[in-house]
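Written below as structure tokens is the structure these notes are about.
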Amino acid sequence: MKGDQILSLDVRKLTSITDYFIICSADTDIQVKGIADSIRKNTDHKPIRIEGHEQLNWVLLDYIDVIVHIFRTTERNYYQIEKLWADAPTIEYSDDNFTTVNSITG
Numbered sequence: 012m013k014g015d016q017i018l019s020l021d022v023r024k025l026t027s028i029t030d031y032f033i034i035c036s037a038d039t040d041i042q043v044k045g046i047a048d049s050i051r052k053n054t055d056h057k058p059i060r061i062e063g064h065e066q067l068n069w070v071l072l073d074y075i076d077v078i079v080h081i082f083r084t085t086e087r088n089y090y091q092i093e094k095l096w097a098d099a100p101t102i103e104y105s106d107d108n109f110t111t112v113n114s115i116t117g
């Protein structure tokens, strides 16, 4: 299971709640659940908190230093949380490579 529009935001200089946000999108609730379950299964650490696993519109996995946000595409477009952290150094991931950018624009 793979998310779309995957971003990593380095928020260490902007907030004390975490070091990084990982944000991705999925088209269906089944995909959101599959991505969240896959992350939990394939990491060595258990998240200290999980939010949204029942509704599956926006699942948050809190690993303290890293917070993972898995959105249904419609919710991600609505909340646009990456714009709230536009000053954070950002890495965009794609199938072939990844690109480092200074901030989200648009």
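Using our numbering, the first residue of the sequence shown is number 12, and each one after it goes up by one. By construction, the Cβ of each residue, glycine as well, lies at the ideal position given by its N, Cα and C atoms.
On a Cα-Cα basis, can you pick out the residue from Trp-96, Lys-57, Trp-69, Ile-41 that is closest to Thr-26? Position 15 of the sequence shown, counted from the start, is the residue given in the question as residue 26. Per the Cα distances, Trp-96.
Thr-26 in three-state terms, based on DSSP: Within the sequence shown, numbered from 1, the residue matching residue 26 stands at position 15. Looking at Thr-26 - three-state DSSP - the assignment turns out to be coil, as it is neither helix nor strand.
From Gln-66 to Thr-84, what does the alpha carbon distance come to, in whole angstroms? Position 55 of the sequence shown, counted from the start, is the residue given in the question as residue 66. Position 73 of the sequence shown, counted from the start, is the residue given in the question as residue 84. Approximately 14 Å between the Cα atoms of the pair.
If we call anything under 8 Å between Cβ atoms a contact, is Arg-87 one with Ser-19? Reading the sequence shown from its first residue, position 76 is the one you call residue 87. Reading the sequence shown from its first residue, position 8 is the one you call residue 19. Their beta carbons are not under 8 Å apart, which means Arg-87 does not touch Ser-19 by this criterion.
Would a C-beta distance cut-off of 8 Å place Val-77 and Tyr-31 closer than the cut-off? Locating residue 77 in the sequence shown gives position 66, where the first residue counts as 1. Locating residue 31 in the sequence shown gives position 20, where the first residue counts as 1. Result yes, Cβ atoms of Val-77 and Tyr-31 sit closer than 8 Å.
Provide the residue span of the alpha helix (DSSP H) that contains Asp-76, from first to last. By one-based count along the sequence shown, residue 76 stands at place 65. From DSSP, Asp-76 is part of no alpha helix (DSSP H); its letter is neither H nor E.
Quick one: what's got a C-beta closer than 6 Å to Asp-15's C-beta in the same chain, skipping five residues either side? Start at 1 with the first residue of the sequence shown, and residue 15 comes out as number 4. Cβ neighbours of Asp-15 beyond the five flanking positions: Ser-36.
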